[in-house]
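Numbering (mature numbering (1 follows the signal peptide of the UniProt record, and there is no 0)), first residue to last: -20 to -1, 1 to 280.
Beta carbons are placed, not taken as given, at the ideal position from N, Cα and C, and that holds for glycine.
Values in this document were obtained by computation on a predicted structure and should not be read as measured data.
Structure first, then comments.
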Amino acid sequence: MNIREFILVFTAICMCLVTAEYRKLIPVCEFNSCENPAGFRTSYCFCDSKCSLIYNDCCLDAPYRTFRVAIKRRFNNHCIFVHGENKHFWLVDTCKKSWVGHEHIKEKCMEQQYISGESSDIIGALPVTNPKEGVTYKNYYCGLCNDENVEELVEWQVKTVCPNKCILPQDVLQNLTFVESERQWGVWKMDATEEWKFYECYLLFQRPEGVTNGIRQCVSGMVSSCPPSWKNMTTRRKCKSYVDPVQWSDGPVYKNIDCAVCHNKTRENFRCVYDITRESNAVLLRLAMPVDLNAMGQWF
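As structure tokens, then:
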């Protein structure tokens, strides 16, 4: 056996031992695991290299978890609420420090803290994903000021719900407009008395179909570090290193049981934090009508 073959065999043995060691790590909420069967609940943790390099959302048993210490991440992600999905996602919402460009682009990237349809600028509200890089940006402008190739960006779907049943899909496609004075989207349409009437509509944003890489759910406002007074460094490191959200009664959500312990919680009487998708919201998205951004002059 030559030296190259020896190194390959030695590396393979080490990887097997590391994998076996990680499989012994069982999270308190078993669905937040790399062993989680596909399709069994939506997990808030991940097991790919991006969980340490970009998102800091590794599962307890993720092989990459130990490599996250002192890593300088390329992207500045925040857990941001998206209307329509009615969930929080990891989104890049700032520009690169080294980016040199028009100040207007930077302002638009950082303009609002959540994703909603309460603006005439859909591009400023619409998340975009680069499946190749595995990253989602808060809007098109954030993609630009992070030097993204715009041709690789996939925009999320824009849909609208109009409460009045007289508004049809063709009305939305042809006449959807934004009334600046009311800060409201809607459709002008002639009513039964042949008078023009404005019918309110609401924009919703939904993940693009067929795109999963780079779209990651998160829990907003988690307690994710130990207080300065906590001296046990082992627990402190564990608290920062993995995601397995737990909660007591109606109190705050802790990133994992170790974060809870260093805030003087016991390992009893907690509940796991599940991904709860409200059925009413799912129905709303199914009933929503698509919006053609090209027809509105809102896309490039």
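Contact annotation: the region 196 to 208 does not touch the region 169 to 179, with fewer than three C-beta pairs closer than 8 Å. Setting aside the 5 residues that flank it on each side, serine 99 is surrounded in the same chain by Ala105, each with a C-beta closer than 7 Å to its C-beta; the list follows chain order. Put simply, of Leu124, Pro111 and Val108 the residue whose alpha carbon is nearest the alpha carbon of histidine 84 is Leu124.
The criterion of a C-beta distance shorter than 8 Å is not satisfied by valine 167 and cysteine 39. Looking only at Glu91, Trp79 and Pro107, the smallest Cα-Cα distance to arginine 196 is reached by Pro107. Threonine 214 sits in a helix when the DSSP states are folded into three classes. Residue pairing for threonine 116: DSSP places it in a beta bridge opposite Thr109. Asparagine 119 sits away from lysine 76, with the two beta carbons spaced by 8 Å or more. Looking at the DSSP output, glutamate 180 shares a beta bridge with Gly166. Under DSSP, valine 226 forms a beta bridge with Tyr234 and Cys252.
Phenylalanine 61 and leucine 148 have their C-alpha atoms spaced approximately 29 Å apart.
Where isoleucine 147 is concerned, there is no enclosing beta strand (DSSP E), because DSSP gives it neither an H nor an E. Proximity to glycine 194 across Leu33, Glu10 and Lys139 peaks at Leu33, based on C-alpha coordinates. Proline 111 is a Cβ neighbour of valine 134, given a cutoff of 8 Å. In the assembly as shown, histidine 68 is a buried residue. Its beta-carbon has 16 or more other beta-carbons within 10 Å. When the alpha-carbon of alanine 42 is set against those of Val72, Ser13 and Gly231, the nearest one is in Ser13. Under the three-state reduction of DSSP output, glutamine 92 falls in the coil class, being neither helix nor strand. DSSP links tryptophan 70 through a beta bridge to Cys59. If you draw a straight line from the Cα of cysteine 31 to the Cα of phenylalanine 185, it is about 25 Å long. Relative to the Cα of glutamine 92, the nearest Cα in the group Cys27, His58, Gly114 and Arg217 belongs to His58. One Cα belongs to lysine 245, the other to valine 8, and the distance between them is close to 14 Å.
Annotation: leucine 183 to valine 191 spans about 21 Å, alpha carbon to alpha carbon.
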